[in-house]
Amino acid sequence: MIILKNELIEINEKPAHKFTISHAWEDVGYVSINSKAEIFFEINEAHRGKHYASNALYLLTSHIHENMHEPIIHAIVHKTNEMAIHCLEHNGFQIILKDKDLIYYEHRICETRLDDYFVAPKGEETIYLAGGCFWGMERAFLELKGVTSTKVGYANGHIQNPTYEDVCRLETGFRECIRVTYNPKITSTKTILDAYFICVDPTQSDGQGGDIGEQYLLGIYFKSKDLEEAISNYLSKESLKYPEFHVEFKPLECFYEAEEYHQDYLLKNPNGYCHITRLEMDKIKALNE
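My numbering runs 9 ahead of the 1-based position in the sequence shown.
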């Protein structure tokens, strides 16, 4: 059982193990493990909010799964500990129970699946869109009539079976991406791309909004030559509207479907994080008219 705290705490019993968390040769906190296998993160006051506990949890989670061969890790956190909640959810922990004061999480070994054999139903098209956090992107495209299915995942990286934690922390080349399958008789490729550019800021070169990193970079990917031509013609005009244009456009090299808990995330968690505003959602819905 893991109990995670992003604040200095007092452990009632002497820890069985205590490890230093260091950054650039500076000690920024500790990880303590007691005889009950409870793990406490103690981050020094000056270093809170800088992802050190989150990064340490990522390494620890991988170690427990891969080296200790434990398929499930549990965590308990107080509802008021927002930083700890963010830390857990950023590392793929899923809520399994809530009570008056506490939230209970678990982390399971999850495998991502390559969609090499995915084929759109007859008469439909599929486009792959990287537009920042894939939770909000998927939710936005569900507003379009003619979109028959969506799937979130990781596109065009260079390692096999990437996990969410890998994509967030390692230099994998993957971008958070959504696979959008649509009926072009109801929703045209132009409408799909119009919706995409409502969602994104193509002038930002390092991510989208406050989400910074290679996994949040923009990209439009395709499998069919016919779609390539349609997208190319659209982008040649769209790019002229901006002083800078940071949207990658290339064939799809690979797409791994993300872990199940990411699929339809904002439908399952209506109050979850979304970088796309209500105003932008309404603009996308207006494209149906």
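Yeah, the Cβ is synthetic: ideal placement off N, Cα and C, and Gly gets one too.
Predicted model only: the values in this text are computed from it and were never measured.
- Message: If you measure between the beta carbons of C142 and H284, is that distance less than 7 Å?
- Response: yes
- Message: Taking a contact to mean a Cβ-Cβ separation below 7 Å, would you say T181 touches L296 in this structure?
- Response: no
- Query: By Cβ distance below 6 Å, which residues in the same chain neighbour G216 in space, the five residues on each side in sequence not counted?
  - Reply: G222 and Y225
- Query: Alpha carbon to alpha carbon, what distance is there between T196 and V128?
  - Reply: 18 Å
- Query: Are at least three pairs of beta-carbons, each pair with one atom in the segment 157 to 167 and one in the segment 257 to 277, less than 8 Å apart?
  - Reply: yes
- Message: To the nearest angstrom, how far is the alpha carbon of D319 from that of C119?
- Response: Residue 319 cannot be examined here, being either before or after the span of the chain that is shown, 10 to 298.
- Item | Test item: CB-CB of Y57 and Y137 under 7 Å | Sequence inspection shows Arg at residue 57; the Tyr mentioned does not correspond to that position. No. Outside cutoff.
- Message: Would the segment 172 to 179 count as touching the segment 235 to 255 if we require 3 or more Cβ pairs under 8 Å?
- Response: no
- Message: Which residue wins for smallest C-alpha separation from F102, given the options Y251, I207, G281 and H83?
- Response: H83
- Taking the C-alpha atoms as reference points, what is the distance between E51 and Y67? 15 Å
- State buried or exposed for E22, treating a residue as buried only when at least 16 other CB atoms are found within 10 Å of its CB. Confidence in E22 is poor, its pLDDT being 49 and thus under 50, which makes the residue's placement unreliable; the coordinate value appears in the next sentence. Looking at its Cβ environment, which holds fewer than 16 other Cβ atoms inside 10 Å, E22 is exposed.
- Task: May I ask which residues mark the beginning and end of the alpha helix (DSSP H) holding D235?
- Result: K234 to E247
- With DSSP as the reference, label D273 as helix, strand or coil. coil
- Which residues mark the beginning and the end of the alpha helix (DSSP H) in which G145 is found? F143 to F150
- Among A139, G132 and Y205, the one whose alpha carbon lies nearest that of K259: A139
- Message: The alpha helix (DSSP H) that contains K160, what's its start and end?
- Response: Taken as a continuous stretch (DSSP letters only), K160 belongs to no alpha helix (DSSP H), being part of the beta strand (DSSP E) at V156 to A164.
- Item | Residue closest to K250, alpha-carbon to alpha-carbon, out of T212, E152, K27 and H99 | T212
- Task: For G216, write down the residues that DSSP places opposite it in a beta bridge.
- Result: I221
- Query: Got a sec? Which residues, its chain only, sit under 7 Å from L288 by beta carbon, not counting five neighbours each side?
  - Reply: none
- Query: Mapping DSSP to helix, strand and coil, what is F206?
  - Reply: helix
- Item | Own chain residues within Cβ distance below 8 Å of R178, not counting five before or after | N64 and Y67
- Straight-line Cα distance separating S233 from Y126: 14 Å
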